[in-house]
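Chemist: Note that the working numbering numbers the sequence shown so that position 7 is 206, with each residue one more than the last.
All C-beta atoms, glycine included, are put in the ideal place defined by N, C-alpha and C.
For reference, the structure I am asking about is given below.
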Amino acid sequence: MRIIGGQWRGRRIQIPSKGWPVRPTTDFAREALFNILDNRLDYEQSSALDLFGGTGIHCMELASRGCMDITYVDRYRESVRFMRSFAKEWDIPLEVILSDVFKFIKEAHRQWDYIFADPPYDMKGLETLPGLILEAGLLKPEGFFVLEHISTKTFDKMPGFMEARHYGQSVFSFFGVGS
């Protein structure tokens, strides 16, 4: 994997390959998403939450662009161990949490400007995720949530839905508090 923007642009990241339970977002889709985020976020002033963090590439992209308040959540020990090591090695101010995402959503006691979730495409309960995040009050008033999902699913009828961007089989659906 490589970082596509910011101060670490072009830097390659080696992730463990054995038993890694993740499906990283393609460079093409990630670059398209960050082109959108570049126009919507003041990275240095924003807080970000990465749910189903996996390889952590989303957090790395945010940090590379100057985001200093990033929370990473994943339930796999290997993923969390990798991210803790990476954050220490690169001196990234990253809060790394080992937790089931649904449990984390119920127990979180703060708000973020930007929330990203890249769950397994076939995950049970995927369709409930936007509602749970909005109902839990995890977004700041002007904040937004981006859900990455497969193109066979649609969320345009859900409360808070703003728009969807399609990149091959991947879709980024955007949600906001007052939308």
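Using a Cβ-Cβ cut-off of 6 Å (strictly less than) and excluding sequence neighbours within five positions of GLN206, which residues of its own chain qualify?
Modeler: As a working note, residue 206 is residue 7 in the sequence shown. Correct list, in chain order: SER263.
Chemist: For the beta strand (DSSP E) holding ASP312, just list the boundary residues, first then last.
Modeler: Within the sequence shown, the letter at position 113 stands for residue 312. First-last of the beta strand (DSSP E) with ASP312: 311-316.
Chemist: Cβ of LEU240 within 7 Å of Cβ of TYR271?
Modeler: Within the sequence shown, residue 240 is the residue found at index 41, counting from 1. Within the sequence shown, residue 271 is the residue found at index 72, counting from 1. Contact: no.
Chemist: If we count Cβ pairs, one from each stretch, closer than 8 Å, do we get three or more for the region 273-289 versus the region 246-256?
Modeler: yes
Chemist: If you follow the alpha helix (DSSP H) that GLY330 is in, where does it begin and where does it stop?
Modeler: In the sequence shown, the residue the question calls residue 330 occupies position 131. First-last of the alpha helix (DSSP H) with GLY330: 328-334.
Chemist: Beta-carbon within less than 6 Å of ASP249's beta-carbon, same chain only, minus the 5 sequence neighbours each way: which residues are those?
Modeler: One-based indexing of the sequence shown puts residue 249 at position 50. Correct list, in chain order: HIS257, CYS258, TYR271 and PHE315.
Chemist: Keeping to the same chain, check which residues put their C-beta closer than 6 Å to that of MET357; ignore five residues upstream and five downstream.
Modeler: Translated into positions along the sequence shown, residue 357 becomes position 158. So the qualifying residues of the chain are PRO329.
Chemist: Short check: CB of TYR242 to CB of GLY265, under 7 Å?
Modeler: Within the sequence shown, the letter at position 43 stands for residue 242. Within the sequence shown, the letter at position 66 stands for residue 265. Their beta carbons are under 7 Å apart, which means TYR242 touches GLY265 by this criterion.
Chemist: Between PHE344 and TRP289, what straight-line distance do the alpha-carbon atoms span, to the nearest angstrom?
Modeler: Position 145 of the sequence shown, counting from 1, holds the residue named residue 344. Position 90 of the sequence shown, counting from 1, holds the residue named residue 289. Going from the Cα of PHE344 to the Cα of TRP289 covers about 27 Å.
Chemist: Looking at the strands, I want to know which residues DSSP matches up with VAL272.
Modeler: As a working mapping, residue 272 is identified with position 73 in the sequence shown. Partner(s): LEU250 and ILE296.
Chemist: Taking the Cβ atom as the reference point for each residue, do ALA228 and TYR366 lie within a distance shorter than 7 Å?
Modeler: Position 29 of the sequence shown, counted from the start, is the residue given in the question as residue 228. Position 167 of the sequence shown, counted from the start, is the residue given in the question as residue 366. Remark: C-beta atoms of ALA228 and TYR366 approach each other more closely than 7 Å.
Chemist: Please work out which residues of its chain come closer than 6 Å, Cβ to Cβ, to ILE296, disregarding the five sequence neighbours upstream and downstream, and give them in chain order.
Modeler: The sequence position of residue 296 within the sequence shown is 97, counting from 1. The residues are VAL272.
Chemist: According to DSSP, is ALA363 part of a helix, a strand, or is it coil?
Modeler: To locate residue 363, count along the sequence shown from 1; it is residue 164. In this structure, ALA363 counts as strand in the three-state DSSP scheme.
Chemist: In chain order, what residues of the same chain lie with their CB nearer than 6 Å to the CB of LEU331, ignoring the 5 residues before and after it?
Modeler: In the sequence shown, counting from the first residue as 1, residue 331 sits at position 132. The answer, listed in chain order, is ILE304.
Chemist: On the three-state DSSP scale, how would you describe HIS257?
Modeler: Counting from one through the sequence shown, the residue named residue 257 turns up at place 58. If DSSP states are grouped into helix, strand and coil, HIS257 belongs with the helices.
Chemist: Can you name the start and end residues of the alpha helix (DSSP H) that LEU232 belongs to?
Modeler: Reading the sequence shown from its first residue, position 33 is the one you call residue 232. Counting along the chain, the alpha helix (DSSP H) containing LEU232 begins and ends at 226-239.
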